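For the first sequence, my numbering assigns the number 175 to the initial residue and increments by one for each residue that follows.
Worksheet for the structure shown next.
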Amino acid sequence: MPELPEVEVTRQSFADRIRGARVEAVRLGKPLRWPLGCEPDSLRAQVVGEVARRGKYLWLEVERGGLLMHLGMSGSLAFSSAPALPGPHNHFDLVTTHGTLRLTDPRRFGEAFLIDDADLPLRFSRLGVEPLSEDFTPEELGRVAAGRTAPLKSFLLDQSAIAGVGNIYADEALYRARLHPLSPAGSMKPEHWLALRDGIVAALEAAIDAGGSSIDDYRDGRGEKGSMQERFLVHTREGEPCPSGEGEVVRIVVAGRSTYFCPGCQVRLRRKPRRRRPARRAK
DNA sequence: AGGTCGGCCTGGCAGC
DNA sequence: TGCTGCCAGGCCGACC
175 MPELPEVEVT
185 RQSFADRIRG
195 ARVEAVRLGK
205 PLRWPLGCEP
215 DSLRAQVVGE
225 VARRGKYLWL
235 EVERGGLLMH
245 LGMSGSLAFS
255 SAPALPGPHN
265 HFDLVTTHGT
275 LRLTDPRRFG
285 EAFLIDDADL
295 PLRFSRLGVE
305 PLSEDFTPEE
315 LGRVAAGRTA
325 PLKSFLLDQS
335 AIAGVGNIYA
345 DEALYRARLH
355 PLSPAGSMKP
365 EHWLALRDGI
375 VAALEAAIDA
385 GGSSIDDYRD
395 GRGEKGSMQE
405 RFLVHTREGE
415 PCPSGEGEVV
425 RIVVAGRSTY
435 FCPGCQVRLR
445 RKPRRRRPAR
455 RAK
């Protein structure tokens, strides 16, 4: 499942190689979530600029705007100079003078569409704070979580709160922060904001260092697998001992998502009491 | 407005 | 062996 680390590793694996390339053709396979948004031929002869990332989105700069791409659940991007003939799951090829960028996505939850520069701020304004940016402070996390009654696990999956965290790294971040996934997000105190901020950053950075997680068939732009799945602390480790040495990892379902955690060391916070009425005088 | 749920999609797997 | 049915999950839109 491509989350922020996988998208970032993918970006790094081809950004330098595609920069400055000229588009020669666009080939479409089966329809993805959204239509391309332009005639494929209209991209021809445009020069590719920077490849940026926001949350789980990749943004390929072209002359008339940008190509916004999302890997959905099962998507991967490959950039190569001699791609094989398109297979049944290759739904988008960007053929350039430097090579072909190919989106492979069996489940077709991915996206690739052209967007005007003018529309980009609006599009990205729906996304929450970027967790690997300087803006992601404990105070910012606290501000975003304030008043929320949803469980921390649901909160972390909400892209309008924090952009880029998905099911895997939500579990890993909550374990690192020693916070129970069912704790109401708004019940955190400042020390929890700090622990969770640090947990999210550490989980994402460790995954980027490991080349991402390849649970099913994730590959980066060079076709390399990641190894983070071998280093998960709790995710998919139901029944295994907690890495801290005590207790056992359990699996529950939160917001329809498999959620792995250690009940022994992840503290369940209680809902903040509503503002109390003035204490009654003792009789 | 926050929260929840169903739909999208298909490979893989359990159960018969 | 082959069929059925369920599950995984990111995101969107509908609804409460």
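Yeah, the Cβ is synthetic: ideal placement off N, Cα and C, and Gly gets one too.
Fair warning: this is a prediction, and the values are worked out from it, not measured in the lab.
| When DSSP labels each residue in this structure, what does L178 get in the three-state scheme? | On the first sequence, residue 178 is found 4 positions in, with the first residue counted as 1. Of the three classes helix, strand and coil, the one that applies to L178 here is helix, per DSSP.
| request: Starting from R297, follow the alpha helix (DSSP H) in both directions and report where the run begins and ends. | output: Residue 297 sits at position 123 when you count from the first residue of the first sequence. From DSSP, the alpha helix (DSSP H) with R297 extends over 294 to 299.
| request: Give every residue of the same chain whose Cβ lies closer than 8 Å to the Cβ of A337, excluding the five residues on either side of it in the sequence, and list them in chain order. | output: As a position in the first sequence, residue 337 is number 163, starting the count at 1. Same-chain partners within the cutoff: L178, R228, G229, K230, L301, G302, V303, E304, P305.
| request: Give every residue of the same chain whose Cβ lies closer than 8 Å to the Cβ of V375, excluding the five residues on either side of it in the sequence, and list them in chain order. | output: Translated into positions along the first sequence, residue 375 becomes position 201. Correct list, in chain order: P305, L306, F310.
| message | What ranges does the beta strand (DSSP E) occupy inside the region 255 to 334, keeping only unbroken runs of at least 3 residues that lie completely in it? | response | If only uninterrupted beta strand (DSSP E) runs of at least 3 residues are considered, those enclosed by the region 255 to 334 are 264 to 270, 273 to 278, 285 to 289.
| field | D372 to D345 span [Cα, whole Å] | value | Taking the first residue of the first sequence as position 1, residue 372 is located at position 198. Taking the first residue of the first sequence as position 1, residue 345 is located at position 171. So the alpha carbons of these two residues sit roughly 14 Å apart.
| Can you tell me whether R350 is buried or exposed, with buried defined as 16 or more other CB within 10 angstroms of its CB? | For this step, residue 350 is matched to residue 176 along the first sequence. R350 counts as buried, since at least 16 other C-beta atoms from the protein chains shown sit within 10 angstroms of its C-beta.
| So who's on the other strand from E235, going by DSSP bridges? | Taking the first residue of the first sequence as position 1, residue 235 is located at position 61. Under DSSP, E235 forms a beta bridge with G240.
| From what residue to what residue does the beta strand (DSSP E) around E198 run? | Walking along the first sequence from the start, residue 198 turns up at place 24. Unbroken beta strand (DSSP E) run through E198: 197 to 202.
| So what's T433 in DSSP terms, helix, strand or just coil? | The sequence position of residue 433 within the first sequence is 259, counting from 1. Here DSSP, grouped into helix, strand and coil, assigns T433 to strand.
| Helix, strand or coil: which one does DSSP assign to R425? | Stepping through the first sequence from its first residue, residue 425 is reached at position 251. DSSP places R425 in strand when its eight states are reduced to three.
| field | Inter-residue spacing [alpha-carbon to alpha-carbon] between R454 and K327 | value | Sequence index remark: in the first sequence, residue 454 carries index 280 (1-based). Sequence index remark: in the first sequence, residue 327 carries index 153 (1-based). Any reading at R454 is ruled out, since the residue's pLDDT is 43, under 50, leaving its predicted position unreliable.
| query | In its own chain, which residues sit with a C-beta less than 6 Å from the C-beta of P280, not counting the 5 before and 5 after it? | reply | Translated into positions along the first sequence, residue 280 becomes position 106. Listed in chain order, the non-local C-beta contacts of P280 below 6 Å within the same chain comprise S248, H263, local neighbours out to five positions each way being set aside.
| task | Starting from R227, follow the beta strand (DSSP E) in both directions and report where the run begins and ends. | result | Position 53 of the first sequence, counted from the first residue, corresponds to residue 227. Element bounds for R227: 225 to 228.
| request: Can you grab the Cα-Cα spacing for the pair P452 / R444, in whole Å? | output: Working through the first sequence from its first residue, we reach residue 452 at position 278. Working through the first sequence from its first residue, we reach residue 444 at position 270. With a pLDDT of only 47 at P452, under 50, the local geometry of the prediction cannot be trusted, and the value read off the model is given with reservation. Cα-Cα distance, rounded: 21 Å.
| query | So, helix, strand or coil for C439, using DSSP? | reply | Position 265 of the first sequence, counted from the start, is the residue given in the question as residue 439. Under the three-state reduction of DSSP, C439 is assigned to coil, being neither helix nor strand.
| said: For S357, which residues in the same chain have their Cβ closer than 6 Å to its Cβ, ignoring the five residues on either side in sequence? | reply: The residue you call residue 357 lines up with position 183 of the first sequence. So the qualifying residues of the chain are L326, R442, L443.
| task | Since I believe L275 is in contact with T184 (beta carbons under 8 Å), could you give me their beta-carbon distance rounded to a whole number of angstroms? | result | For the purposes of this step, residue 184 is taken as residue 10 along the first sequence, with counting starting at 1. For the purposes of this step, residue 275 is taken as residue 101 along the first sequence, with counting starting at 1. At roughly 10 Å, the Cβ-Cβ gap does not stay under 8 Å, so T184 and L275 are not in contact.
| query | Taking Cβ to Cβ, would you say E412 is nearer than 7 Å to R431? | reply | Against the first sequence, residue 412 aligns to sequence position 238. Against the first sequence, residue 431 aligns to sequence position 257. Not in contact: E412 and R431 (Cβ atoms no closer than 7 Å).
| said: One question on the structure: do V197 and R218 come within less than 7 Å of each other, judged by their Cβ atoms? | reply: As a working mapping, residue 197 is identified with position 23 in the first sequence. As a working mapping, residue 218 is identified with position 44 in the first sequence. Taking 7 Å as the Cβ cut-off, V197 and R218 qualify as a contacting pair.
| request: With distances taken Cα to Cα, identify the nearest neighbour of L242 among L268, L353, K399, A369. | output: The count along the first sequence starts at 1 and reaches residue 242 at position 68. Checking every option, the nearest Cα to that of L242 belongs to L268.
| message | Looking at R329: is its Cβ nearer than 7 Å to the Cβ of A359? | response | The residue you call residue 329 lines up with position 155 of the first sequence. The residue you call residue 359 lines up with position 185 of the first sequence. Reading off the sequence shown, one finds Phe at residue 329, where the question assumed Arg. Result yes, Cβ atoms of F329 and A359 sit closer than 7 Å.
| task | Assign L259 to one of two classes, buried (16 or more other C-beta atoms within 10 Å of its C-beta) or exposed (fewer than that). | result | In the first sequence, the residue the question calls residue 259 occupies position 85. Classification for L259: exposed.
| Residue burial classification, K457 (beta-carbon count within 10 angstroms, cutoff 16) | In the first sequence, counting from the first residue as 1, residue 457 sits at position 283. Note that K457 scores a pLDDT of 36, beneath 50, so its modelled location is shaky and nothing firm can be said.
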